[in-house]
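Chemist: Below: one structure in structure tokens.
Chains as they are written, first to last, in full-length UniProt numbering: chain X, 1 to 435; chain L, 1 to 435.
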């Protein structure tokens, strides 16, 4: 009766492995990787990213009051150096270097300085770490790993970089996009790791985006904020937020495009759209690969008075354990969804709410939309439940990709979030992570 | 490897069945019950409570914007009648009468009027409903059930009343307390139903407390607010909030105590303490009986700057799926607890946080407390992890009752919440509730 997780949609994220072009990676960036033994499996656990030209950098960090040493160090390095002049980043998996006190901070600095020194970079490296918290990194392993990784630097192996930052991820996560701007074609590549503890506000995830665009620090910051809002802050797996989350973007200007300094320019908007597409695809890969997830769920809110309120309602639905358990059971339990809408904190009118369940991404579903009866069913019309065929509903929800579409009837704003179901496998995976 | 739920602590709540005295029930109240067929099992699904003397009533209702018909009706009846003059309450299980539109409201009124009419009560009955939402009640069954229940009215069978309001509860929930006040001994009895969707702010739970105390409407309201804060609003199962939640207290004055009109009087404080004890025991029974729970978990926060901030931190821990999964796995994962402290929204200083895991209720655990090494282990000292024996930790957490104690080092306020672990059984139970 209960599905084996191994039969589920875990193959999907791997398709990205066949879909990237090595000749479209941003120019001037190299990656190097190594397996230094932090991971008991012997898999790669050190990743270095190096740019021949100095980069402008923007970053968003965890809002958790408990911040890991590499987060504290990287924030400080960025501020001290005015978000520019960076040539390198070092990432380790297999240890979060969080709750590690003064020694932890010292170790993060050692990683930073060793990397920049080996790369002959004029400025200290940024640092990211992921893994178990509360344990000191074995620095003899890490130092050897960094030295080994530097010897492997090359321009085309971004997939190994994506692999080296994995923890409980089942597949490496990489997305790329190119866009023609004034003065040249610009390339973007992003890698990330996710799995458990994913939440709006970016729980336990690391993401690095590199682009050869020429863009000012201020514009880069605005672009990243926008992209993170619509990607990593629009996904939910289990509502926890980690000590290490970081999204950083490096821009080295090697594309030779006309330097972007204006957030209202066409070049800026095109680049922003492209980066948003890269981060959105990465964020969706994280949801698809979430520990124990069996379904990819799109939550679409229409008719909100403001986009922010739409986001609050979408978040309330996507964090409801009862909604997520029902989806796992392929039960179109609109009552639980409506309850989550009702307690979201937004002042909704229950008698204006309409609701649909759909297969796929719910794109053409809702008030005044196509609402193909083969792929969607309406369950609620202005607060009143509609008669429905339970067998057809269960069949709809038997798909791997399903959507819940809610019309609030309050205004014209929309919001979309992505989440997954809550499965027995989630509990199994998370009850024995450390051992 | 994974425990069978049937072997777990489900017996515990039943112990209350042996622990009540029929001669200590509040005077002047009778209960009647019937099985009218709303429950497919044929179990009792109608409960009537009747007081020979008119009662002052206070009530707290769900804050969900989507409110069930009986909630809307009862609120209106209370306001219209200034919270006094009520002789009766009718409750059905097997159907929540929520999202049922005008017809639902009409049905709730029919239940109210039929009950007061059969009881010859001068004022319409209050109404509560629980069960699946979005379906109209079968009123021919309900009306017959109310008529049948009226014929069974008696003073001693509060356990049948507790049984008749159960939905997915495994055991009936009843608590009682007596206290000597000026002018006479006062008795209190409370019944409630809980199970899934339990949250601070009282999700899917109904509770009725009856007392023969003589107390003003205003004092009764103050007393209930206090009691709910420290009981039903201090438990968490899965963070959802339902459309039907109601806690009501009826006071009929039959004890002959000196009428209480002053919230600073000794009589008021004693009665408040007694009611708080009753509601706290009921709230804890709800957690122990939560769908799929295998552990009863006490979260104690000490050293908060304000009680409210302590409550926010406790709530953040008790809603973390990762913390709750780890507890199920008997894994002393202090890192997940610390992460939940860090993202609670309270401005904590990670370098001041201490943390203990304990068996039992964590009462004697914390800074400057006994901290018996047989029953507690400290994992974090001012932000720094302590070396620990993982086997001993797992043994500690193998108990059914466990506690997490956190010292924030910010001030002198404390807060306690009760929750349960997140188990595979929870997901199973909630993925197929409707079918």
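Positions of the beta carbon are idealized from the N, C-alpha and C atoms, including for glycine. No experiment lies behind these values; they were computed from the predicted model shown.
Which runs of the beta strand (DSSP E) fall wholly inside the segment 255-313 of chain L and span at least 3 residues, in chain order?
Modeler: DSSP runs (the beta strand (DSSP E)) wholly in the segment 255-313 of chain L: 296-304.
Chemist: So what's residue 372 of chain L in DSSP terms, helix, strand or just coil?
Modeler: Residue state, collapsed to three classes: coil.
Chemist: My output table needs one value for residue 191 of chain L: the three-state DSSP class, helix, strand or coil.
Modeler: Three-state DSSP puts residue 191 of chain L in a strand.
Chemist: For residue 134 of chain X, which residues of its own chain have a beta-carbon under 6 Å away from its beta-carbon, when the five flanking residues on both sides are left out?
Modeler: Around residue 134 of chain X: 99.
Chemist: Would you say residue 348 of chain L faces chain X, with C-beta separation under 9 Å as the test?
Modeler: By this cut-off, residue 348 of chain L is an interface position.
Chemist: Output yes or no for whether 9 Å exceeds the beta carbon distance between residue 287 of chain L and residue 317 of chain L.
Modeler: In this structure, residue 317 of chain L does not lie closer than 9 Å to residue 287 of chain L by Cβ.
Chemist: Against chain L, does residue 5 of chain X count as a neighbour if the rule is that its beta carbon must be under 9 Å from one of theirs?
Modeler: At residue 5 of chain X, the pLDDT of 31 sits below 50, so the modelled position is not reliable; the number obtained from the coordinates is stated separately. Answer no: the Cβ-Cβ gap between residue 5 of chain X and chain L never drops below 9 Å.
Chemist: I'd like the list of long-range same chain contacts for residue 39 of chain X, defined as Cβ closer than 6 Å, with 5 residues on each side in sequence excluded.
Modeler: The answer, listed in chain order, is 45 and 94.
Chemist: Relative to the C-alpha of residue 103 of chain X, which candidate in X:222, X:175 and X:69 has its C-alpha closest?
Modeler: When only C-alpha atoms are compared, the closest one is X:69.
Chemist: Consult DSSP for residue 99 of chain X and reduce its assignment to one of helix, strand or coil.
Modeler: In this structure, residue 99 of chain X counts as coil in the three-state DSSP scheme.
Chemist: Measure how close the beta-carbons of residue 436 of chain X and residue 410 of chain X come, nearest whole angstrom, since I'm counting them as under 8 Å.
Modeler: This structure does not reach residue 436 of chain X, given that chain X is present from 1 up to 435, and the question cannot be answered.
Chemist: Measuring CB to CB, does residue 161 of chain L end up less than 9 Å from residue 49 of chain L?
Modeler: For residue 161 of chain L and residue 49 of chain L, yes; Cβs fall inside 9 Å.
Chemist: Return yes when the Cβ of residue 59 of chain L is within less than 9 Å of the Cβ of residue 75 of chain L, no when it is not.
Modeler: Yes, the pair counts as a contact, with Cβ atoms nearer than the cut-off.
Chemist: Here's a check: name, in chain order, each residue in its chain whose Cβ is nearer than 8 Å to the Cβ of residue 392 of chain X, leaving out the five neighbours to either side.
Modeler: Counting only Cβ-Cβ distances below 8 Å, and skipping sequence neighbours, we find 377.
Chemist: Give the range of the alpha helix (DSSP H) segment to which residue 76 of chain X is assigned.
Modeler: Looking at the DSSP string, the run of the alpha helix (DSSP H) that includes residue 76 of chain X is 69-80.
Chemist: Just to confirm, are residue 303 of chain X and residue 352 of chain X a CB contact at a threshold of 9 Å?
Modeler: For residue 303 of chain X and residue 352 of chain X, yes; Cβs fall inside 9 Å.
Chemist: If the cut is a Cβ gap below 9 Å, which residues of chain X does residue 304 of chain L touch?
Modeler: Result: empty, since nearest Cβ-Cβ is about 14 Å, beyond 9 Å.
Chemist: Compute the beta-carbon to beta-carbon distance between residue 124 of chain X and residue 252 of chain X, rounded to the nearest angstrom, for a pair I have assumed lies under 8 Å.
Modeler: That belief does not hold up - the Cβ atoms of residue 124 of chain X and residue 252 of chain X are roughly 17 Å apart, past 8 Å.
Chemist: Okay, do the segment 212-229 of chain L and the segment 175-193 of chain L touch, 3+ Cβ pairs below 8 Å being the bar?
Modeler: In short, these stretches touch, since the Cβ pair count reaches three.
Chemist: For the 8 Å Cβ check, are there 3 or more pairs between the segment 325-340 of chain L and the segment 230-237 of chain X?
Modeler: Contact fails: fewer than three Cβ-Cβ distances are below 8 Å.
Chemist: Can you round the beta-carbon distance between residue 32 of chain L and residue 127 of chain L to whole angstroms, since I take them to be within the 8 Å contact cut?
Modeler: With a Cβ gap of about 15 Å, residue 32 of chain L and residue 127 of chain L do not count as contacting.
Chemist: Does the beta carbon of residue 234 of chain L sit closer than 9 Å to a beta carbon anywhere in chain X?
Modeler: It does not; no Cβ of chain X falls within 9 Å.
Chemist: Output yes or no for whether 9 Å exceeds the beta carbon distance between residue 396 of chain L and residue 339 of chain L.
Modeler: No, the Cβ-Cβ distance between residue 396 of chain L and residue 339 of chain L is not below 9 Å.
Chemist: Given 8 Å as the limit, tell me if residue 388 of chain L has its C-beta closer than that to any heavy atom belonging to the ligand ADP.
Modeler: What this structure holds is no ligand at all, so the ligand ADP is not there to describe.
Chemist: Decide if residue 438 of chain L is buried, meaning its Cβ has at least 16 other Cβ atoms within 10 Å, or exposed.
Modeler: Chain L is shown from 1 up to 435; residue 438 of chain L falls before or after that span and cannot be answered.
Chemist: Does any C-beta atom of chain L lie closer than 9 Å to the C-beta of residue 418 of chain X?
Modeler: So no, residue 418 of chain X is outside the interface.
Chemist: Taking the C-alpha atoms as reference points, what is the distance between residue 201 of chain L and residue 375 of chain L?
Modeler: The predicted position of residue 201 of chain L is uncertain, since its pLDDT is 41 and thus under 50; a value taken from the coordinates is nonetheless stated next. Distance between the alpha carbons of residue 201 of chain L and residue 375 of chain L: 32 Å.
Chemist: Can you give, in chain order, each stretch of the alpha helix (DSSP H) that sits fully within the segment 306-351 of chain L and has at least 4 residues?
Modeler: Here the runs fully enclosed are 307-318, 321-328 and 334-342.
Chemist: Of all the CB atoms in chain X, is at least one closer than 9 Å to the CB of residue 334 of chain L?
Modeler: Yes, because at least one Cβ of chain X sits closer than 9 Å to the Cβ of residue 334 of chain L.
Chemist: Where does residue 56 of chain X sit, in a helix, a strand or coil, going by DSSP?
Modeler: Reduced to three states, the DSSP call for residue 56 of chain X is strand.
Chemist: Our contact map puts residue 244 of chain X next to residue 96 of chain X with C-beta atoms below 8 Å; I'd like the distance itself, whole angstroms only.
Modeler: Sure, about 5 Å apart at Cβ, within 8 Å.
Chemist: Less than 9 Å separating the beta-carbons of residue 418 of chain L and residue 296 of chain L?
Modeler: Cβ atoms of residue 418 of chain L and residue 296 of chain L: closer than 9 Å.
Chemist: Starting from the Cα of residue 218 of chain L, find the closest Cα among L:206, L:250 and L:192 and give me that residue.
Modeler: Cα-wise, what sits closest to residue 218 of chain L is L:250.
Chemist: Pull up the distance between the alpha-carbon of residue 323 of chain L and that of residue 88 of chain L, whole angstroms please.
Modeler: Those two C-alpha atoms are separated by around 43 Å.
Chemist: Could you give the uninterrupted runs of the beta strand (DSSP E) lying entirely in the segment 88-147 of chain L, keeping only those of 3 residues or more?
Modeler: Runs of the beta strand (DSSP E) inside the segment 88-147 of chain L: 126-130.
Chemist: Can you check whether the C-beta of residue 67 of chain L is within less than 9 Å of a C-beta belonging to chain X?
Modeler: Yes, residue 67 of chain L counts as interfacial toward chain X.
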